[in-house]
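Visitor: Pasting in a structure now, in structure tokens, and then I'll have a few things to ask.
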Amino acid sequence: MSAHIGFEVNPHKDYQRLQVVTLSKDLVEKFDELTSQYDVQSIEYKPFLRFFIAKCLSDLTQNTLGDYLTSTLKNRSTGAILMQCIDPEGISKSHDTFIDLNIRISTAISHLIGLPNLDSMSGKFYARFSVKNEDNSDSYLRQAHRRMELHNDGTYVKEKTDWVIMQKMLEKNVEGGDSLLLHLDDWQELSKFYDHPLAKKDFQWGSPSSKNVSYKTSHPIFLDDDKDGNPMMSYIDQFVEPKNIEEGVYLYELGESLENESNTYHVKLPEGSMIIINNYFWVHGRDKFTANKNLHRELLRQRGVFAEYKNETTSN
Ligand SMILES: [Fe+2]
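Going letter by letter, the sequence shown gives residues 51 to 366 in the numbering used here.
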């Protein structure tokens, strides 16, 4: 068991696959001291700065954090982390500095584990978005009144999407809206869909205009198995485009099965914390909120790939 320096790890009290990582107050304060001179705009404009602040965080943990995160995310039996970044009694600062610090922390995390993909919706390496009580957008992403069904990210883009970071920066007047997580190996009807003749047949994928992805892609619901022969999935209900009744019915039944699965985790995410999951063996979603006209939530997401070279440089 390798040492954890500057952070603690415990399994979630209700959900054993989910690992709760708590960064110490001291670590967060030192990270803040080292990196507060870099504002968010400079991090957006200069890609190398993102790696520099990742190095700052890594050094403070004597390089234990990146290795822990990467091995946990790749581990089939876990693959999911709830990272609590801020001691709520600890750093009390203004709203803007709190948000900036959170952006720097999630940027450092994403660059410790790999490289974020360009988020075509925002045109940046991350996307920030608000969830309010009313919304007129063209997907369920920002709509508060309904459940966002379980899905994988990156289904309609050509890049690989190994992991997803979902960070909650701020929350007001929120009741409900838990994060939903389901590990493929806990899905009781997995074999019904995985052993189906359509499981590894190509489907077409597209996306609405807000995503700024003009092309369509093609891939199966169940991708090539992992190196140990375990299923890997890439599915979302809204962006898969069935071509006939057989495909439509398969997708409909698969979606119903996911939504009715009793092994789904319902996770509360405190302000200033984030969930990091392996995107190919976890599906995620969001429960609906209780109606409140002042409901407001500020979220940040990053999606990307693992740094494959890391294994070679850290194994010696
Ligand atoms: Fe998602």
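Every residue, glycine too, gets a C-beta built ideally from N, C-alpha and C. Values in this document were obtained by computation on a predicted structure and should not be read as measured data.
Beta carbon of Leu110, beta carbon of Met216: below 9 Å?
Guide: As a working note, residue 110 is residue 60 in the sequence shown. As a working note, residue 216 is residue 166 in the sequence shown. Contact flag unset, no.
Visitor: Does the segment 196-203 come into contact with the segment 331-348, if we say contact requires no fewer than three beta-carbon pairs (one atom in each stretch) closer than 8 Å?
Guide: Yes: the two stretches touch, three or more of their Cβ pairs being nearer than 8 Å.
Visitor: What does a CB cutoff of less than 6 Å around His62 pick up in its chain, not counting 5 residues either side in sequence?
Guide: Here the question's residue 62 lines up with position 12 in the sequence shown. Counting only Cβ-Cβ distances below 6 Å, and skipping sequence neighbours, we find Leu68, Val70.
Visitor: For Glu379 versus Phe253, is the C-beta spacing smaller than 9 Å?
Guide: In the structure as shown, the chain begins at 51 and stops at 366. Residue 379 is therefore absent and cannot be evaluated.
Visitor: Just to confirm, does Arg197 get its C-beta within under 8 Å of one of the non-hydrogen atoms of ligand 1?
Guide: Taking the sequence shown and counting its residues from 1, the one referred to as residue 197 is at position 147. Incorrect: Arg197 has no Cβ contact closer than 8 Å to ligand 1.
Visitor: Could you tell me which residues DSSP pairs with Ser323 in its beta bridges?
Guide: The sequence position of residue 323 within the sequence shown is 273, counting from 1. According to DSSP, Ser323 bridges with Gln134, Lys218.
Visitor: Between the beta-carbon of Arg347 and the beta-carbon of Lys222, is there less than 9 Å?
Guide: The count along the sequence shown starts at 1 and reaches residue 347 at position 297. The count along the sequence shown starts at 1 and reaches residue 222 at position 172. Yes. Within cutoff.
Visitor: Mind listing, in chain order, the continuous beta strand (DSSP E) runs of no fewer than 3 residues lying wholly within the segment 245-287?
Guide: With a minimum length of 3 residues, the continuous beta strand (DSSP E) runs that stay inside the segment 245-287 are 253-255, 267-269.
Visitor: Are the beta-carbon atoms belonging to Leu220 and Thr314 less than 9 Å from one another?
Guide: Here residue 220 is taken as the residue at index 170 of the sequence shown, counted from 1. Here residue 314 is taken as the residue at index 264 of the sequence shown, counted from 1. No, these two residues do not count as a Cβ contact at 9 Å.
Visitor: Find the nearest neighbour of Leu73 within the set Cys106, Cys135, Asn329, judged by alpha-carbon distance.
Guide: Start at 1 with the first residue of the sequence shown, and residue 73 comes out as number 23. Looking at the Cα atoms, Cys135 is the closest of the given residues.
Visitor: Ser108 and Leu119 look like a contact to me (Cβ under 8 Å); what is the Cβ gap, rounded to whole Å?
Guide: If you number the sequence shown from 1, residue 108 lands on position 58. If you number the sequence shown from 1, residue 119 lands on position 69. Incorrect: roughly 10 Å between the Cβ atoms, too far for contact.
Visitor: Would the beta-carbon of Asp40 be found less than 8 Å away from any heavy atom of ligand 1?
Guide: In the structure as shown, the chain starts at 51 and stops at 366, and residue 40 therefore has no counterpart that could be examined.
Visitor: Which same chain residues, not among the five before or five after Gly305, have their C-beta less than 6 Å away from its C-beta?
Guide: Here residue 305 corresponds to residue number 255 of the sequence shown, with the count starting at 1. Once the five neighbours on either side are set aside, the close Cβ partners of Gly305 are Asp287.
Visitor: Exposed or buried, Gly227, counting other C-beta atoms within 10 Å across all chains shown (16 or more means buried)?
Guide: Translated into the one-based positions of the sequence shown, residue 227 becomes position 177. The residue in question, Gly227, is buried, as its Cβ has 16 or more Cβ neighbours within 10 Å.
Visitor: Have a look at Asp245, Tyr206, Asp275 and flag the residue whose alpha-carbon is nearest the alpha-carbon of Ser259.
Guide: Working through the sequence shown from its first residue, we reach residue 259 at position 209. Taking only the C-alpha atoms, the option nearest Ser259 is Tyr206.
Visitor: Helix, strand or coil for Phe101, going by three-state DSSP, please let me know.
Guide: Along the sequence shown, read from residue 1 onward, the residue named residue 101 stands at position 51. DSSP places Phe101 in helix when its eight states are reduced to three.
Visitor: Let's test the definition: count the other Cβ atoms within 10 Å of the Cβ of Asp212 and tell me whether it reaches 16, buried, or not, exposed.
Guide: One-based indexing of the sequence shown puts residue 212 at position 162. Burial call: buried.
Visitor: Per DSSP, which one or two residues make a beta bridge with Met198?
Guide: Along the sequence shown, read from residue 1 onward, the residue named residue 198 stands at position 148. Met198 is bridged to Arg336.
Visitor: Are Phe356 and Lys124 closer than 9 Å when you measure CB to CB?
Guide: As a first step, residue 356 is located in the sequence shown; it is residue number 306 there, counting from the start. As a first step, residue 124 is located in the sequence shown; it is residue number 74 there, counting from the start. Yes; because the gap between Cβ atoms is below 9 Å, this pair is in contact.
Visitor: Check whether the Cβ of Arg100 lies closer than 8 Å to any heavy atom of ligand 1, and answer yes or no.
Guide: Here residue 100 refers to the residue found at position 50 when the sequence shown is read from its first residue. No, Cβ of Arg100 sits at least 8 Å from all heavy atoms of ligand 1.
Visitor: Taking the alpha carbon of Leu345 as the point to measure from, which residue in Val263, Val224, Asn262, Met133 has its own alpha carbon closest?
Guide: Mapped onto the sequence shown, residue 345 falls at position 295. It is Val224 whose Cα lies nearest to the Cα of Leu345.
Visitor: Relative to the alpha-carbon of Ile131, which residue among Asp169, Ile159, Pro97, Asp146 has its alpha-carbon at the smallest distance?
Guide: The residue you call residue 131 lines up with position 81 of the sequence shown. When each option's Cα is compared against that of Ile131, the closest is Ile159.
Visitor: Helix, strand or coil: how does DSSP classify Glu291 here?
Guide: For the purposes of this step, residue 291 is identified with residue 241 of the sequence shown, where counting begins at 1. Strand, per DSSP.
Visitor: Can you check whether the CB of Trp237 is closer than 9 Å to the CB of Leu308?
Guide: Taking the sequence shown and counting its residues from 1, the one referred to as residue 308 is at position 258. Taking the sequence shown and counting its residues from 1, the one referred to as residue 237 is at position 187. Yes. Within cutoff.
Visitor: Assuming contact is defined by CB atoms lying nearer than 9 Å, are Leu84 and Phe57 in contact in what I supplied?
Guide: Within the sequence shown, residue 84 is the residue found at index 34, counting from 1. Within the sequence shown, residue 57 is the residue found at index 7, counting from 1. No; because the gap between Cβ atoms is not below 9 Å, this pair is not in contact.
Visitor: Would you mind reading off the limits of the alpha helix (DSSP H) that contains Val59?
Guide: Within the sequence shown, the letter at position 9 stands for residue 59. Not the alpha helix (DSSP H): Val59 falls in the beta strand (DSSP E), residues 57-61.
Visitor: Only counting the same chain, and skipping five residues up and downstream in sequence, which positions put a Cβ closer than 8 Å to that of Asp276?
Guide: As a first step, residue 276 is located in the sequence shown; it is residue number 226 there, counting from the start. If we look at Asp276 and ignore the five residues flanking it on each side, its Cβ neighbours are Arg126, Met282, Tyr330, Phe331.
Visitor: Just to check, is the beta-carbon of Asp274 closer than 8 Å to a non-hydrogen atom of ligand 1?
Guide: As a first step, residue 274 is located in the sequence shown; it is residue number 224 there, counting from the start. No, since every heavy atom of ligand 1 falls outside the 8 Å radius drawn around the Cβ of Asp274.
Visitor: Would you say the beta carbon of Val207 is closer than 8 Å to some non-hydrogen atom of ligand 1?
Guide: Within the sequence shown, the letter at position 157 stands for residue 207. Val207: no, Cβ never under 8 Å from ligand 1.
Visitor: Taking the alpha-carbon of Glu311 as reference, which of Asp245, Lys293, Leu240 has the nearest alpha-carbon?
Guide: Mapped onto the sequence shown, residue 311 falls at position 261. Of the listed residues, the one whose Cα sits closest to Glu311 is Leu240.
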